[in-house]
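For the sequence shown, counting from 1, position 156 maps to 156 in UniProt numbering; every step adds exactly one.
Encoded as structure tokens, the structure appears first; notes follow it.
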Amino acid sequence: MEIIFFKGFLLSLSLIVAIGAQNIFIIKQAMLKNHIFAVCLTCFLCDVILMFVGIFGVGEFLAKNRILNLCIAIFGSMFVFYYGIVALKSAFSKESVVNFSQSNPTSLKKAVMLTLMVTLLNPHVYLDTVFVVGASALMFNVEEKMIFACGSLGASCLWFFSLGYSALKLSSLLVKMARVIDVFVALIMFFIFLSLISYILSLF
């Protein structure tokens with residue numbers, strides 16, 4: 001049973017540590033000192049839902065639903081492109097560092113909504129949590145799937161809160177690097193945008 005737990009833990013961790021829209025969003029919210037606990041908790045709860053959907057069989061249905069995948073990819077590509085433009089604009093703004101150091105946190109509701117958008121409009125999240133994790137659990141019985149899910153979610157919880165609070169601890173240093181971080185964010189967002197466009201074209 002311990003082996004199954006660690007299989008889930010290591011698989012989830014290997015998928016989640018990759019630099020992507022969600023991780024970058026968490027880092028930026030930490031720089032802004034913006035409801036970081038709620039942001040991390042929202043990311044984790046999304047993983048809870050999506051991983052259970054994948055592990056307990058619905059993932060296969062979603063994987064075959066081309067229309068649903070297409071809709072998610074289109075909205076996701078629009079969102080990450082907009083996010084990239086905003087980051088690029090911020091990077092070349094004369095007030096970039098000032099905006100980070102003096103900005104007031106957004107409301108809790110807005111922070112949670114933005115987190116949900118970054119998470120649920122990103123098809124890569126479904127690929128990782130629903131399809132890959134779900135497919136890896138097909139060989140297990142119900143009890144083993146529960147243990148596998150606990151391992152996967154343990155890694156998710158550990159990663160999101162470690163990332164969020166580590167970035168929060170280093171926020172004063174990260175703020176000084178705001179321009180560089182914004183450029184990096186923009187490049188990652190545009191790369192994700194291009195990968196989503198490629199994915200959209202593959203669906204036709």
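Don't be surprised by glycine CBs; every beta carbon is placed ideally from N, CA and C.
From a predicted model like this one, the values you see are computed outputs, not experimental measurements.
Taking a cut-off of 8 Å on C-beta distances, the region 76–88 touches the region 171–190, as three or more cross pairs fall below it. Pairing Asp182 with Asn69, the inter-Cα distance amounts to about 29 Å. By the criterion of at least three beta-carbon pairs nearer than 8 Å, the region 135–151 is not in contact with the region 27–47. The C-alpha of Val53 lies about 6 Å from the C-alpha of Val130. According to the DSSP assignment, Asn34 belongs to no alpha helix (DSSP H), since it is labelled neither H nor E. Residue environment: Ala18 is assigned as exposed (fewer than 16 neighbouring CB atoms within 10 Å of its CB, all protein chains considered). For Leu15, the closest of Val180, Val118 and Asp47 by C-alpha to C-alpha distance is Asp47.
A distance below 8 Å separates the beta carbons of Ala155 and Phe9.
When Leu120, Val125, Leu168 and Ala21 are compared, the shortest CA-CA separation from Asn34 is found for Leu168. In this structure, Gly76 lies away from Leu163, with their beta-carbon atoms at least 8 Å apart. For Val118, the enclosing alpha helix (DSSP H) covers residues Leu108 to Leu120. Within the model, the alpha-carbon separation for Val180 versus Ala87 is close to 10 Å.
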